[in-house]
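Engineer: Chains as they are written, first to last, in my numbering: chain H, 2 to 333; chain S, 2 to 333. Below is one structure. I have some questions about it.
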DNA sequence: TGGGGTGACTAGAACGATCTAGATTCCCCA
DNA sequence: TGGGGAATCTAGATCGTTCTAGTCACCCCA
């Protein structure tokens, strides 16, 4: 139906309230310089007309747009949790968020470009796959915060979780349960797969255990596929690249007649929705999405408002122990 | 670092190319009225300066924003597929998409409001939970298309999948396999739970079978919980509200020592990523996300460009048979 | 030669807000 | 009485575009 009722402008409100445009502007953004009585009068008139400020015009004029651009991968549930938390963080700081999804058919670069066109003052890129020099290029225009990835060069801020510590927690937990034959199903070429793999090797060697790594990937299918190789290793415990990988691994183990955790313990990474499902109850390394997302918002806002924040924030993850890990069988 | 290099404007390009602002504008949007030679010259200058039109200003001036607002629920993977497809559809029609996620902490109404503030010309709401009169209210301002929900009143267009047909397909498939004790684990209060439930009852009765419905919900946990009641019914087949519900049901059956599909067949709904996982291989009713999303974009664009499109598009889903359904056991 | 037409280009007014600088009112106190 | 100063309000420029209504140069043909 959409009757093309032109939406009311400052002018309309001003006319209705019998004051000037500028004064209405002052009232609308809560700036000082209006008496309480006219403030009421103006607000009433605005309410009456159903006035809403046109953010395009507003943002055009004041170089401040109060818009944060967030790009995320739509197929990744953990990103969803981060986005969720980012909304909250931004709101409490008086910013709004523009979203851009990276999908199979839509590259990160084009998403970032449209965020910029929309007038975002800063970018928060979740697990960006752009190359370092591309990121640096964007950082010349606006503050850029990389979330969940830290090898992004000096020009780009980053907020990430300490992958080394996370993997150490996982290995430590399993070792404390008496496991010795621990295998890592890695993330293949995914972001942060490399550091996790490296730290796994390091930590295992530090403990005098033989590090075994099997190529995997970030999805269930990858974990499942890895099980073919995994079985040859006869491990008593598996550290998976992330929760989805872990789910795939568990499925593969189950198909092979192995019980979790009686025969094999499994640790995931992300502590995502999946890990928390009542029938999964996956022991997992939690990166604490809300804290990470809020930290990213803080860094971005900090840059914008002039304080020079630390360039690279690294948070320490913690382990959430559920039911997929148990002491190693006494007779291996 | 973000050196605050003011971004170049039409003026800058005009100065660099030695022409007027207006001419640059003409060239940039490919309008007629510029000679080939100056066109080249201008494009070169723009390229040189790294000029990108400021969409805020552009959109402020021309009432057309070419922006479609899409709201979706971030926790719902099927929505992700729709968003993905919507991006493609919009792009091919020369529109851009602004996203708004509905999360636990962010209501649909506030999301819609910010889409409107951003200047979206039309809204595509995926499974909106707003009340009919609220929707109608928005529809007075811009064209609104409800995706996946069709009881939205006359003022709002809708694109949905024929839930009745979908449920019929599922029941028909199971009946053809010889199943008689078929139970529906419903979606509780979720959008489209009611029509699916009703059609299940109708279709079962039409076939002279006794319709059994067990309260469920849209998530794995709901399906799992439903299994407690389900076992009392001893069904040979289950039609679940959606794929996630089906996953929960299958998990519950497995925990009870029942095999799928040998003991119980299970049909899901949505044909989502989950259904396609190699170790799930869930038989599911496919609503065909790309088609639905593109239809929604078509309707929205149609409204905007003046053609009066059909108000309510309903697409017929189809069944994707995988490995979770099998003939009913010969000895029940 | 000169009038009409066309193609290439430009000046200046929008769009709807913000912001600066100045005007007006009112109060208080010397 | 009158002037300083705070509080309140307004006019007008401005942001970076698009768009309308021109201007200007050039060509063609009567």
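Beta carbons: idealized from backbone N, C-alpha and C, even for Gly. In this text the structure is predicted, and so the values were computed from the model without any measurement.
(1) The alpha helix (DSSP H) with residue 137 of chain S in it runs from where to where?
(2) List in chain order: all unbroken beta strand (DSSP E) runs of 3+ residues lying wholly within the segment 91–139 of chain H.
(3) The alpha helix (DSSP H) spanning residue 168 of chain S covers which residue range?
(4) Quick one: residues in its chain with C-beta nearer than 8 Å to the C-beta of residue 332 of chain H, no 5 flanking neighbours on either side, listed in chain order?
(5) Going by the CB atoms, is the gap between residue 85 of chain H and residue 294 of chain H shorter than 9 Å?
(6) Buried or exposed for residue 200 of chain H, going by 16 or more other Cβ atoms inside 10 Å?
(7) Out of S:244, S:250, S:59, which has the shortest C-alpha to C-alpha gap to residue 232 of chain S?
(8) Restricting to Cα atoms, I'd like to know which of H:65, H:109, H:252, H:327 is closest to residue 73 of chain H.
(9) Are the beta-carbon atoms of residue 83 of chain S and residue 247 of chain S separated by less than 9 Å?
(10) So, is the C-beta of residue 323 of chain H closer than 9 Å to a C-beta in chain S?
(11) Identify which residue in H:211, H:19, H:306, H:164 has its Cα closest to the Cα of residue 188 of chain H.
(12) Give the DSSP-derived three-state secondary structure of residue 69 of chain S in the structure shown.
(13) Taking Cβ positions only, does residue 133 of chain S come closer than 9 Å to chain H?
(14) Bridge partners of residue 269 of chain S, per DSSP?
(15) Check this for me: beta carbons of residue 240 of chain H and residue 185 of chain H, under 9 Å apart or not?
(16) Counting only Cβ-Cβ distances shorter than 8 Å, please list the residues of the segment 106–140 of chain H near chain S, keeping chain order.
(17) Pull up the DSSP beta-bridge partners for residue 319 of chain H, would you.
(18) By DSSP, does residue 23 of chain H sit in helix, in strand, or in coil?
(19) Per DSSP, which residues does residue 147 of chain S bridge with? Please list them.
(20) So with CB distances below 8 Å, who are the chain S contacts of residue 88 of chain H?
(21) At the level of alpha carbons, what is the spacing between residue 327 of chain H and residue 282 of chain H?
(22) Could you confirm whether any beta carbon from chain H is found closer than 9 Å to the beta carbon of residue 207 of chain S?
(23) Taking only three categories from DSSP, how would you classify residue 74 of chain S?
(24) Would residue 215 of chain S pass as an interface residue toward chain H - the criterion being a Cβ-Cβ separation below 9 Å?
(25) Per DSSP, residue 238 of chain S is paired with what?
(26) Closer than 9 Å by beta-carbon distance: list the chain H residues that pair up with residue 84 of chain S, in chain order.
(27) Return the CA-CA distance between residue 207 of chain H and residue 174 of chain S, expressed in angstroms with no decimal places.
(28) Using the rule of at least 16 other Cβ atoms within 10 Å of the residue's Cβ for burial, across every protein chain shown, is residue 217 of chain H buried or exposed?
(29) So, is the C-beta of residue 253 of chain H closer than 9 Å to a C-beta in chain S?
(30) Between the alpha carbons of residue 44 of chain S and residue 90 of chain S, how many angstroms are there, rounded?
(31) For residue 13 of chain S, which residues of its own chain have a beta-carbon under 8 Å away from its beta-carbon, when the five flanking residues on both sides are left out?
(32) I need the straight-line Cα distance from residue 9 of chain H to residue 31 of chain H, nearest angstrom please.
(33) I'd like to know whether the C-beta of residue 222 of chain H is nearer than 9 Å to at least one C-beta of chain S.
(34) Does the CB of residue 97 of chain H have a neighbour CB from chain S at under 9 Å?
Structural biologist: In terms of the structure at hand:
(1) The sequence position of residue 137 of chain S within the second chain is 136, counting from 1. Here the alpha helix (DSSP H) through residue 137 of chain S covers 133–140.
(2) Taking only runs of at least 3 residues, the beta strand (DSSP E) segments lying wholly in the segment 91–139 of chain H are 97–103, 123–127.
(3) Counting from 1 along the second chain, the entry for residue 168 of chain S is found at position 167. Going by DSSP, residue 168 of chain S is part of the alpha helix (DSSP H) stretching over 164–177.
(4) Translated into positions along the first chain, residue 332 of chain H becomes position 331. Any answer about residue 332 of chain H is weak, because its pLDDT of 47 lies below 50 and its placement is not dependable; what the coordinates show is given next. Nothing listed; no residue qualifies.
(5) As a first step, residue 294 of chain H must be located in the first chain, where it is residue number 293. As a first step, residue 85 of chain H must be located in the first chain, where it is residue number 84. Against a cut-off of 9 Å, the Cβ pair of residue 85 of chain H and residue 294 of chain H comes out as a contact.
(6) Mapped onto the first chain, residue 200 of chain H falls at position 199. Buried, because 16 or more other Cβ atoms sit within 10 Å of the Cβ of residue 200 of chain H.
(7) Residue mapping note: residue 232 of chain S aligns to position 231 of the second chain, counting from 1. Nearest to residue 232 of chain S by alpha-carbon distance, out of S:244, S:250, S:59, is S:250.
(8) Numbered from 1 along the first chain, position 72 holds the residue referred to as residue 73 of chain H. Of the residues H:65, H:109, H:252, H:327, the one whose Cα lies closest to the Cα of residue 73 of chain H is H:109.
(9) Residue mapping note: residue 83 of chain S aligns to position 82 of the second chain, counting from 1. Residue mapping note: residue 247 of chain S aligns to position 246 of the second chain, counting from 1. No, they are not a contact pair.
(10) Along the first chain, one-based indexing puts residue 323 of chain H at 322. Chain S contact via Cβ: absent.
(11) Numbered from its first residue, the first chain carries residue 188 of chain H at position 187. Of the candidates H:211, H:19, H:306, H:164, the one whose C-alpha sits nearest the C-alpha of residue 188 of chain H is H:164.
(12) On the second chain, position 68 is the one that residue 69 of chain S refers to. Residue state, collapsed to three classes: strand.
(13) Here residue 133 of chain S refers to the residue found at position 132 of the second chain. So no, residue 133 of chain S is outside the interface.
(14) Position 268 of the second chain, counted from the first residue, corresponds to residue 269 of chain S. Residue 269 of chain S is bridged by DSSP to S:285.
(15) Within the first chain, residue 240 of chain H is the residue found at index 239, counting from 1. Within the first chain, residue 185 of chain H is the residue found at index 184, counting from 1. Taking a C-beta distance under 9 Å as the contact criterion, residue 240 of chain H and residue 185 of chain H qualify as a contact pair.
(16) Answer set for the segment 106–140 of chain H: 106, 107, 114, 115, 117, 118, 119, 120, 140.
(17) Stepping through the first chain from its first residue, residue 319 of chain H is reached at position 318. Paired residue(s): H:287.
(18) Taking the first residue of the first chain as 1, we reach residue 23 of chain H at position 22. When secondary structure is reduced to three states using DSSP, residue 23 of chain H falls in the helix class.
(19) In the second chain, the residue the question calls residue 147 of chain S occupies position 146. Bridge partners of residue 147 of chain S: S:126, S:159.
(20) Counted from its first residue, the first chain places residue 88 of chain H at position 87. Here the neighbours are 102, 104, 106, 107.
(21) For the purposes of this step, residue 327 of chain H is taken as residue 326 along the first chain, with counting starting at 1. For the purposes of this step, residue 282 of chain H is taken as residue 281 along the first chain, with counting starting at 1. Those two C-alpha atoms are separated by around 13 Å.
(22) The residue you call residue 207 of chain S lines up with position 206 of the second chain. Closer than 9 Å: no.
(23) Stepping through the second chain from its first residue, residue 74 of chain S is reached at position 73. Annotated three-state conformation of residue 74 of chain S is strand, per DSSP.
(24) For the purposes of this step, residue 215 of chain S is taken as the residue at position 214 of the second chain. Against chain H, the CB of residue 215 of chain S has no partner CB under 9 Å away; the residue lies outside that interface.
(25) Position 237 of the second chain holds residue 238 of chain S. In the DSSP assignment, residue 238 of chain S forms a beta bridge with S:183, S:266.
(26) Along the second chain, read from residue 1 onward, the residue named residue 84 of chain S stands at position 83. Simply 75, 102, 104.
(27) Start at 1 with the first residue of the first chain, and residue 207 of chain H comes out as number 206. Start at 1 with the first residue of the second chain, and residue 174 of chain S comes out as number 173. Roughly 58 Å between the two C-alpha positions.
(28) Residue mapping note: residue 217 of chain H aligns to position 216 of the first chain, counting from 1. Label assigned to residue 217 of chain H: buried.
(29) Here residue 253 of chain H corresponds to residue number 252 of the first chain, with the count starting at 1. Taking a beta-carbon distance threshold of 9 Å, residue 253 of chain H counts as an interface residue toward chain S.
(30) Against the second chain, residue 44 of chain S aligns to sequence position 43. Against the second chain, residue 90 of chain S aligns to sequence position 89. Answer to the nearest angstrom: the Cα atoms are 28 Å apart.
(31) Stepping through the second chain from its first residue, residue 13 of chain S is reached at position 12. Spatial neighbours of residue 13 of chain S in its own chain (CB-CB distance under 8 Å, excluding positions within 5 residues in sequence) are listed in chain order as 50, 52.
(32) Here residue 9 of chain H corresponds to residue number 8 of the first chain, with the count starting at 1. Here residue 31 of chain H corresponds to residue number 30 of the first chain, with the count starting at 1. Straight-line Cα distance between these residues: approximately 19 Å.
(33) In the first chain, residue 222 of chain H corresponds to position 221, counting from 1. Yes, residue 222 of chain H counts as interfacial toward chain S.
(34) Taking the first residue of the first chain as position 1, residue 97 of chain H is located at position 96. Yes, because at least one Cβ of chain S sits closer than 9 Å to the Cβ of residue 97 of chain H.
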